[in-house]
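Heads up: the structure comes next, in C-alpha cells.
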Amino acid sequence: MGNIPQLRTVNVTRYISPLREGGSLPALAEADDDFKYVLKFKGAGHGVKALIAELIGGEIARVLKLQIPELVYANLDEAFGRMEADEEIQDLLKGSQGLNLALHFLSGAINYDPVVTVVDPKMASQIVWLDAYITNVDRTFRNTNMLVWHKELWLIDHGASFYFHHSWTNWEKHAQSPFALIKDHVLLPQASMLEEADALFKSILTTETLQSIVNLIPLEWLDWEDTDQSPEEVREVYLQFLLMRLNHSEIFINEAQNARKALI
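Heads up: the sequence shown begins at 0 in numbering that gives the first Met the number 0, then just goes up one per residue.
Right under this line is the structure:
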C-alpha cells in the first residue's frame, strides 16, 4: 500500500526569518534533520484550521501525483523562541508550542509566472480540478501559490482551502457548492480537459485513500472550542465532506467549464 500517506515529525531547531508573503506569518526554519522548512504556525490567524487545510489539500495533491513539497509535522519546544527580539514573533512562537506543520523549503525556486511558463492543458485541468474540489480560493493571478523548481511546477499553500470549516455549519450545503470563485483561477484558461481529470481522479480517490489522509490530522488539532463535537466527530465531518463533494463533482466541473467559456 505505497499510496497510504505518512508524515515524518521533525523538531524545529532554528527560526531563520519570517516570510512576509502570507497573512499567517509563516517562517523559514531549520529542523533537527538539517533541512530547511517553511513553517506554518498553529498560533497564527486561522490557527489549526489553516494547518488542517494545508495538510488535507497537500496530501490529496500528492496522492493525485501533483508535485508538492514534503509536508512534515514540526514540533516546537517550549523553550523555542525565547531569544526572539520581535514581540509579535515571540507571541506567535509561544502560541504555537507543540505540533505545527511545515513544508520542505525548495531552495532556489521561483514564483510561477503565467507569462513565462506555459502549463499544458492536462496539468492545468488537474490543478483546477484539485482546487475546485478542495475549495481553494488562493491560486489566482494575484497570488499563484505555485513555484517552478528544477523546471517543474510545484504546488504550495493550501491553507485557504475548505473555508466551510471557519463557520462549521451546514457542511453538506458547502460540499455540494459549485465553487464560483474558480472563475479567478490562474490556470482556468488552459484547463480544457476537466472531464478527463475528473475521471482519473475519481478512480484514485477511494474512500480508503481519503480516510487515510483525514486520519493524518492530529487529534490535538481537532479539539475545538467552537463546537461540541469530539475530535473524532470533527475528523469524520472532513471525510464526509470530501466523499460527498467527490460524488457530486459534476457540480463544480460544470461551474469551472462555464467560467472558462466566459473567459475564452
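The beta-carbon is built from N, C-alpha and C at its ideal position, and this holds for glycine as well.
- Residue state for Ile-252 is assigned as helix, using DSSP reduced to three classes.
- Residue environment for Gln-5: exposed (fewer than 16 other C-beta atoms within 10 angstroms of its C-beta).
- Taking the Cα positions, Arg-13 is about 28 Å away from Asn-142.
- Of the residues assessed, Glu-69 falls on the exposed side of the cut-off, its CB having fewer than 16 other CB atoms within 10 angstroms.
- Cβ neighbours of Asn-214 within its own chain (closer than 8 Å, five residues either side excluded): Arg-234.
- Here Ser-95 is buried, its C-beta having at least 16 other C-beta atoms within 10 Å.
- Under the three-state reduction of DSSP, Met-145 is assigned to strand.
- Below 8 Å, enough C-beta pairs join the region 234-254 and the region 197-216 to call them touching: three or more.
- In this structure, DSSP gives Asn-135 a state outside helix and strand, which the three-state scheme calls coil.
- Around the beta carbon of Lys-150, a 10 Å sphere encloses fewer than 16 other beta carbons of the protein chains shown; the residue is thus reported as exposed.
- Runs of the alpha helix (DSSP H) lying entirely within the region 38-122 and spanning at least 4 residues, in chain order: 46-62, 86-93.
- For Leu-18, the CB contacts under 7 Å within the same chain, skipping 5 residues up- and downstream, are Pro-25, Ala-26, Leu-27, Val-37 in chain order.
- In the structure shown, Val-11 falls within a strand segment according to DSSP collapsed to helix, strand and coil.
- Here Leu-6 carries a coil assignment [DSSP, helix/strand/coil].
- For Trp-170, the uninterrupted alpha helix (DSSP H) segment begins and ends at 170-174.
- In terms of CA proximity to Thr-206, Val-62 leads the group Val-62, His-173, Lys-48.
- For the pair Ser-160 and Gly-56, the CB atoms are nearer than the 8 Å cut-off.
- Distance from the CA of Asp-137 to the CA of His-157, rounded to the nearest whole angstrom, comes to 8 Å.
- Annotation for Ala-28: the continuous beta strand (DSSP E) segment containing it runs 26-30.
- Leu-98 is positioned such that its CB atom lies closer than 8 Å to that of Glu-219.
- Of the candidates His-184, Phe-104, Ser-202, Phe-104 places its Cα closest to the Cα of Lys-35.
- Of all alpha-carbon atoms in Leu-152, Pro-177, Leu-242, the one lying nearest the alpha-carbon of Gln-210 is that of Leu-242.
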